[in-house]
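Novice: Before I ask anything, let me first share the structure, which is written out below as structure tokens.
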Amino acid sequence: MILPDPEKPIRLNVKYDKDASFLAGGLFTDFMISVISEDDSIIKNINPARISMKMWKLSSTGSRPPANVETFSCNKVKDNDKEDGCFYFRDKVIPNKVGTYCIQFGFMVDKIVTLYSEQVIVDVLPNQPVKLVPEIQPATPAVSNVRSVASRTLVRDLRLNITDEYSNHTGIDLVGTVIATIKSSSEEDTDVPLFTGKVKTLEFPFVNGSAEITSVIKKNSVGGRDSTEYFIVFEPRLPALSRTLEPYILQFMFYNDVKKQQQMAALTKEKDQLSKSIIMYRSLFEASKQLLDEMKCQVEEAKLKEAQLRNELKAHNIDVPTTQQMTHIEALLKRKVTEQEELRKKPRRSCTLPNYTKGSADVLGKIAHLAQIEDDRAAMVISWHLASDMDCVVTLTTDAARRIYDETQGRQQVLPLDSIYKKTLPDWKRPLPHLRNGKLYFKPIGDPIFARDLLTFPDNVEHCETVFGMLLGDTIILDNLDAANHYRKEVVKITHCPTLLTRDGDRIRSNGKFGGLQNKAPPMDKLRGMVFGAPIPKQCLILGEQIDLLQQYRSAVCKLGSVNKDLNGQLEYLHTPDMKKKKQELDEQEKNLKLIEQKLGMTPTRKCNDSLRHPAKDVTDSPIPPKRMRRESTRQNRIITKTDV
0 MILPDPEKPI RLNVKYDKDA SFLAGGLFTD FMISVISEDD SIIKNINPAR
50 ISMKMWKLSS TGSRPPANVE TFSCNKVKDN DKEDGCFYFR DKVIPNKVGT
100 YCIQFGFMVD KIVTLYSEQV IVDVLPNQPV KLVPEIQPAT PAVSNVRSVA
150 SRTLVRDLRL NITDEYSNHT GIDLVGTVIA TIKSSSEEDT DVPLFTGKVK
200 TLEFPFVNGS AEITSVIKKN SVGGRDSTEY FIVFEPRLPA LSRTLEPYIL
250 QFMFYNDVKK QQQMAALTKE KDQLSKSIIM YRSLFEASKQ LLDEMKCQVE
300 EAKLKEAQLR NELKAHNIDV PTTQQMTHIE ALLKRKVTEQ EELRKKPRRS
350 CTLPNYTKGS ADVLGKIAHL AQIEDDRAAM VISWHLASDM DCVVTLTTDA
400 ARRIYDETQG RQQVLPLDSI YKKTLPDWKR PLPHLRNGKL YFKPIGDPIF
450 ARDLLTFPDN VEHCETVFGM LLGDTIILDN LDAANHYRKE VVKITHCPTL
500 LTRDGDRIRS NGKFGGLQNK APPMDKLRGM VFGAPIPKQC LILGEQIDLL
550 QQYRSAVCKL GSVNKDLNGQ LEYLHTPDMK KKKQELDEQE KNLKLIEQKL
600 GMTPTRKCND SLRHPAKDVT DSPIPPKRMR RESTRQNRII TKTDV
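When we follow numbering that gives the first Met the number 0, the leftmost residue of the sequence shown carries the number 0, and every step to the right adds one.
Structure follows, in structure tokens:
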């Protein structure tokens, strides 16, 4: 019979709100992860650093994670004692680009093997509608007061879409209109051009998330000053949407004659090319700055983590030198692991009574296997005291108990927990009889303690407290028979005295009777292996905590070194001749753009929208987003080359 190993991980259990919607740039719902063993129980006492979350965008090449997959660490181990062994991933930022993404959780079993969960496929949807934008940015129009329709055409075949703040196309289900209005940057200018038909506004239908602007033509010889800049404001009006969206604003230049229009059209074309080039340069520098800021944040976080773990190591009396850290940590880890293995290999008391392995989750096992006792003398007398119950199989239900009874033809003792009257069970927090209501009635000898307090339960703590609360009740254990008799004689003066056991192997029953073979425990070897096993030595557990801390500290030191190296590399890159040359090119292009705008008589690009009532945000002047919103754009701009411009 091969028994399932309660410490061997076989799968990861992932719980999350499957009905949640994932909006671009928002926060994911909480993910709760637990590691399940061969016996279908949750493995506890796992280092949180061994649990990770990976996320990547699915592509046509398959569902395998790419080399640069983004990895997250868990936020919190547990909320309370009842959720021991559960790991949480909270407040993780959803990517700001729509699409299908894959999330997978991993548990690092050892340095080589990692156990992965099933892949969680999520669809990232557009966020709330924010603004109206062109599908393709049109050239800046230049028109004149002539008969030729081509010279008076402001816009032709323009598609306007609604997007969220991350430029994702949204509002597919919205229906309404887009109102086009010509405005001037100067409130004093009353001679504003009109559209064909001598109208001030035009309406275009908005359906399926976009509006088709087929043709917008200025009325000949109606309104407009020579060499003056005007704006067409395309404003969406959508009855189903409660919020106001940013309009799209298109600059254009107006001239009185076609010759001047043609001359200025060439300048306008040059201006548009310079504007595109400047936007690309600024995007490059902005991405570099965001990457630098992110790297600085990572360095600060790594320093904080390293200092925190160093302080925890000091609390365990472990000092790590500031020089040759990795060499010292590796040597210390090796020594601690060897010491722990030697302690584990040392023989310790164990129960040789075969456990009951048939059955289901409703079967807890035999009483002898449910508890452990560290002290040898206490283990001997308590095991003897419960000798008639040690072979009993504990089940959660009477049905399971009856099934075992039938399978063994009634030869196997069984104890169903659903048949126990729990109101008479002792309170595990109750003080000893000589301490009542915070008052010491007499000074005992022999170090009295409730026998149940010497038990530790590897699993099913709540059920085991019920079982042993019923079996042991308020049984007390003391050093020897003299101490026990003294204790009983004093206790009966104030209250009922429970059964007393001694570490020497004597028993005084609750009725006061003691002596005789039936009240004297035999030597340990006479118990025929029906004895509670000893738990793992405390020093072994302490070494395990120290090893976990050292492994975490080693990872933190490696992480700090890695992010420092990346930061220094980025700083060096920003000061390379290539980047300096790009900065000079940007400065020259901005000067040229300013000169062209002056020749055209146009408002500078960065200020034109601010002059209107409903400004449209200029991407070149956007503030740096907060840290959590920078991660996606930083991730997308990690590789910056000369070909970006």
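Ideal Cβ placement from N, Cα and C applies to all residues, glycine included.
This one's a predicted model, so the numbers in the text were calculated from it and none came from an experiment.
On the DSSP bridge list, what partners appear for W55?
Specialist: BP columns for W55 point to C101.
Novice: Within this structure, are the beta carbons of S62 and F104 separated by less than 9 Å?
Specialist: No, the pair does not count as a contact, with Cβ atoms beyond the cut-off.
Novice: Please list, in chain order, all residues of the same chain as Q412 whose beta carbon is under 8 Å from its beta carbon, the five residues on each side excluded.
Specialist: The residues are D388, D390, C391 and V392.
Novice: With a threshold of 7 Å on Cβ separation, who are the neighbours of M628 within its own chain once the five nearest residues in sequence on each side are excluded?
Specialist: Legend: pLDDT at M628 = 39, less than 50; position of this residue unreliable, value from coordinates given subsequently. If we look at M628 and ignore the five residues flanking it on each side, its Cβ neighbours are G24.
Novice: Once DSSP output is grouped into helix, strand and coil, what is the label at L26?
Specialist: If DSSP states are grouped into helix, strand and coil, L26 belongs with the strands.
Novice: Can you tell which of L559, L453, T152 and R429 has its C-alpha closest to the C-alpha of T195?
Specialist: Minimum Cα distance to T195 is reached at T152.
Novice: Look at the alpha carbon of T326 and the alpha carbon of P320, and state the distance between them as a whole number of angstroms.
Specialist: Near 10 Å, if we compare the C-alpha coordinates of P320 and T326.
Novice: Tell me, to the nearest whole angstrom, how far the beta carbon of D505 is from that of A483; I am working on the premise that it is less than 8 Å.
Specialist: So it is a contact: roughly 7 Å between Cβ atoms.
Novice: Can you look up T326 in the DSSP assignment and give me helix, strand or coil?
Specialist: T326 falls in the helix class under three-state DSSP.
Novice: Please go through the segment 102-130 and give each complete alpha helix (DSSP H) segment of 4 or more residues, from N-terminal end onward.
Specialist: None, since the segment 102-130 contains no complete alpha helix (DSSP H) of that length.
Novice: Anyone know if the C-beta pair for L395 and D417 falls short of 9 Å?
Specialist: Cβ distance < 9 Å, so L395 and D417 count as in contact.
Novice: Buried or exposed: W383, going by 16 or more other Cβ atoms within 10 Å of its Cβ?
Specialist: The residue is buried, with at least 16 neighbouring Cβ atoms inside 10 Å.
Novice: So, helix, strand or coil for E645, using DSSP?
Specialist: Residue 645 falls outside the range modelled here, since the chain spans only 0 to 644, and no answer is possible.
Novice: How about L499 and I475: do their beta carbons lie closer than 9 Å?
Specialist: Yes; because the gap between Cβ atoms is below 9 Å, this pair is in contact.
Novice: How would you label Q371, buried or exposed, when you count the other beta carbons within 10 angstroms and need 16 or more for buried?
Specialist: Flag for Q371 reads buried.
Novice: Let me confirm a value: H315 is counted as buried when at least 16 other C-beta atoms fall within 10 Å, else exposed. Which label applies?
Specialist: The residue in question, H315, is exposed, as its Cβ has fewer than 16 Cβ neighbours within 10 Å.
Novice: Helix, strand or coil for T397 per DSSP?
Specialist: DSSP places T397 in helix when its eight states are reduced to three.
Novice: Can you tell me which of V491, G515, A555 and F284 puts its alpha carbon nearest to the alpha carbon of L573?
Specialist: Of the candidates V491, G515, A555 and F284, the one whose C-alpha sits nearest the C-alpha of L573 is F284.
Novice: Please state the DSSP three-state secondary structure of A19.
Specialist: Residue state, collapsed to three classes: coil.
Novice: Once the 5 residues before and after L480 are set aside, which same chain residues still bring their CB inside 6 Å of it?
Specialist: Closer than 6 Å at Cβ, skipping near neighbours: T501 and D505.
Novice: Restricting to runs no shorter than 3 residues, where is the beta strand (DSSP E) found entirely within the segment 437-492?
Specialist: Listed in chain order, they are 475-477.
Novice: Use the C-beta contact count for I212: other C-beta atoms within 10 angstroms, 16 or more gives buried, fewer gives exposed.
Specialist: Per the 10 Å Cβ criterion, buried.
Novice: Which residues does DSSP list as the beta-bridge partners of E134?
Specialist: According to DSSP, E134 bridges with nothing at all.
Novice: Taking the beta carbon of R401 as the centre, do at least 16 other beta carbons fall within 10 Å, making it buried, or is it exposed?
Specialist: By the neighbour-count rule (16 or more Cβ atoms within 10 Å), R401 is not buried but exposed.
Novice: Kindly indicate which three-state DSSP category I171 falls into: helix, strand or coil?
Specialist: It is coil, neither helix nor strand.
Novice: Within the same chain, show all residues whose beta-carbon is closer than 7 Å to that of D38, passing over the 5 residues directly before and after it, in chain order.
Specialist: Counting only Cβ-Cβ distances below 7 Å, and skipping sequence neighbours, we find P3 and P5.
Novice: State buried or exposed for Q272, treating a residue as buried only when at least 16 other CB atoms are found within 10 Å of its CB.
Specialist: Answer is exposed; the Cβ neighbour count stays below 16.
Novice: My output table needs one value for D80: the three-state DSSP class, helix, strand or coil.
Specialist: Below a pLDDT of 50, predicted positions are generally treated as unreliable, and D80, at 41, falls in that range; the measurement from the model is reported next regardless. Of the three classes helix, strand and coil, the one that applies to D80 here is helix, per DSSP.
Novice: On the DSSP bridge assignment, give the partners of V13 in chain order.
Specialist: Partner(s): I32.
Novice: From V518 to L431, what does the alpha carbon distance come to, in whole angstroms?
Specialist: Position check: residue 518 holds Asn in this sequence, whereas Val was assumed. Each residue's Cα considered, the two are about 23 Å apart.
Novice: Check whether the segment 435-442 and the segment 458-465 touch, using three or more Cβ-Cβ pairs below 8 Å as the test.
Specialist: No, the segment 435-442 is not in contact with the segment 458-465.
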